[in-house]
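Contents: one structure, followed by commentary.
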Amino acid sequence: MNRENGVWYTESDFHGSQADPLPATSAKRVLLFGGTFDPPHVGHLTMAQLAYEQTGVDEVWFLPAPSPPHKADIADDTFAWRVAMVSALLRGRPHLRTMPLEARLPRPSYTIDTVKACKQWYPDVDFMFLLGADSLAHLPTWNGATELCSLIPIVVAARAGYPVAETVAAVRGALPSLQVGVIEMPLLDVSSTWLRQRLDHGQDTCELVPERVLGVWWRGSNGVAKDGGNQA
Numbered sequence: 001m002n003r004e005n006g007v008w009y010t011e012s013d014f015h016g017s018q019a020d021p022l023p024a025t026s027a028k029r030v031l032l033f034g035g036t037f038d039p040p041h042v043g044h045l046t047m048a049q050l051a052y053e054q055t056g057v058d059e060v061w062f063l064p065a066p067s068p069p070h071k072a073d074i075a076d077d078t079f080a081w082r083v084a085m086v087s088a089l090l091r092g093r094p095h096l097r098t099m100p101l102e103a104r105l106p107r108p109s110y111t112i113d114t115v116k117a118c119k120q121w122y123p124d125v126d127f128m129f130l131l132g133a134d135s136l137a138h139l140p141t142w143n144g145a146t147e148l149c150s151l152i153p154i155v156v157a158a159r160a161g162y163p164v165a166e167t168v169a170a171v172r173g174a175l176p177s178l179q180v181g182v183i184e185m186p187l188l189d190v191s192s193t194w195l196r197q198r199l200d201h202g203q204d205t206c207e208l209v210p211e212r213v214l215g216v217w218w219r220g221s222n223g224v225a226k227d228g229g230n231q232a
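Note that UniProt numbering has the sequence shown beginning at 1, numbered continuously upward.
As structure tokens, this is what we get:
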């Protein structure tokens, strides 16, 4: 059992079965934002907020990945911990939601599987998918990339070192069915890997990880929210 801000939860809270009720939504247009979020930071928050404002969607759903196929260093047993950190990051912004839906899917779960499932679970919602330009550059290598591009429009945010226009043109050459829109945002070159390394070494993250998220991180790193152990 784990605790976040005085509220106890168990691993099963984030590993719902198909028989469990899905989180409700009245949204008609939703932007999906997947990632490991280890840890979530101001770059994620800024990207989601600006995408929300510029696309006119009703909600942005953060979709933490339990065990992403391309990141073997992310342990499945940290999922509840990462969900709690995302929830802390988004606190006070009801249009940005933590949706641990990928926990319902068989492992490994690829983006194409998540998108298909969301469309099945929420048939009245029009979905788009949010990516940084760095992730877009690798989209042709993704599992089911061609089908993914035919199923859902992609919203792209600028990232340092990846000129958006050139990146879109290159990807469209490999994936002609790509449907893409671009949002404007400052170039925030923030890396979760870099931040995680600094946290692991007890180094300052320069306020790139908000204090409310750090509180969950440190409880997890001490065994409270990270591995399901119960501490007083």
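For glycine and all other residues, C-beta sits at the position ideal for the given N, C-alpha and C. Everything numeric in this text was worked out from a predicted model, so none of it was measured.
**Report entry** Nearest to ARG97 (by Cα), restricted to the options ARG104, THR111, PRO108, LEU31
**Finding:** LEU31
Query raised in the report: Quick one: what's got a C-beta closer than 6 Å to ARG29's C-beta in the same chain, skipping five residues either side?
Result: VAL57, ASP58, ASP126
Requested in this report: Could you check what DSSP says for GLY43 in three-state terms: helix, strand or coil?
Outcome: helix
Query raised in the report: On the three-state DSSP scale, how would you describe LEU105?
Result: coil
Requested in this report: Would you tell me roughly how many angstroms separate the C-alpha atoms of PRO140 and GLN179, rounded to the nearest one?
Outcome: 13 Å
**Report entry** One or two residues paired with LEU148 in a DSSP bridge
**Finding:** LEU148 is not bridged to any residue.
Requested in this report: In the DSSP assignment, find the alpha helix (DSSP H) that holds MET85 and state where it starts and stops.
Outcome: 79-89
**Report entry** Identity of the residue in ARG172, GLY35, THR25, ALA24 nearest THR193 by Cα
**Finding:** Selected option, being the one with the closest Cα: GLY35.
Requested in this report: Determine the direct distance from the alpha carbon of PRO69 to that of GLN54, and round the result to whole angstroms.
Outcome: 31 Å
Query raised in the report: Can the beta-carbon of TRP142 be found closer than 8 Å to that of MET99?
Result: no
Query raised in the report: When the Cα of residue 233 is compared with those of HIS138, ALA65, SER150, ALA27, which residue comes out closest?
Result: Nothing in the structure corresponds to residue 233, since the chain is present only between 1 and 232.
Query - Residues of its chain near ALA27, where Cβ-Cβ distance is below 8 Å and the 5 sequence neighbours each way are ignored - result: VAL57, ASP58, GLU59, VAL125
Query raised in the report: Just checking my contact of ALA88 with ARG212 at CB under 8 Å: how many whole Å lie between their CB atoms?
Result: 4 Å
Report task. Output the residue ranges of the beta strand (DSSP E) runs that lie fully inside the segment 109-149 and measure 3 residues or longer, sorted by chain position. Result -> 126-132
Query raised in the report: In chain order, what residues of the same chain lie with their CB nearer than 6 Å to the CB of LEU22, ignoring the 5 residues before and after it?
Result: The residues are TRP121.
Query raised in the report: Between the Cα of ALA117 and the Cα atoms of LEU151, GLY92, ALA48, PRO163, which residue gives the shortest distance?
Result: LEU151
Requested in this report: Locate the beta strand (DSSP E) running through VAL180, then write down its first and last residues.
Outcome: 180-183
**Report entry** For THR36, the three-state DSSP class (helix, strand or coil)
**Finding:** coil
Report task. For my contact list, ASP38 and ARG172 are in at a C-beta cut-off of 8 Å; report their separation, rounded to the angstrom. Result -> Between ARG172 and ASP38 the Cβ distance is about 30 Å, and since that is not below 8 Å, they are no contact.
Report task. Tell me where the beta strand (DSSP E) around ARG97 begins and ends. Result -> 96-98
Query - Supposed close pair VAL155, ALA51 - CB separation, criterion 8 Å - result: Sure, about 6 Å apart at Cβ, within 8 Å.
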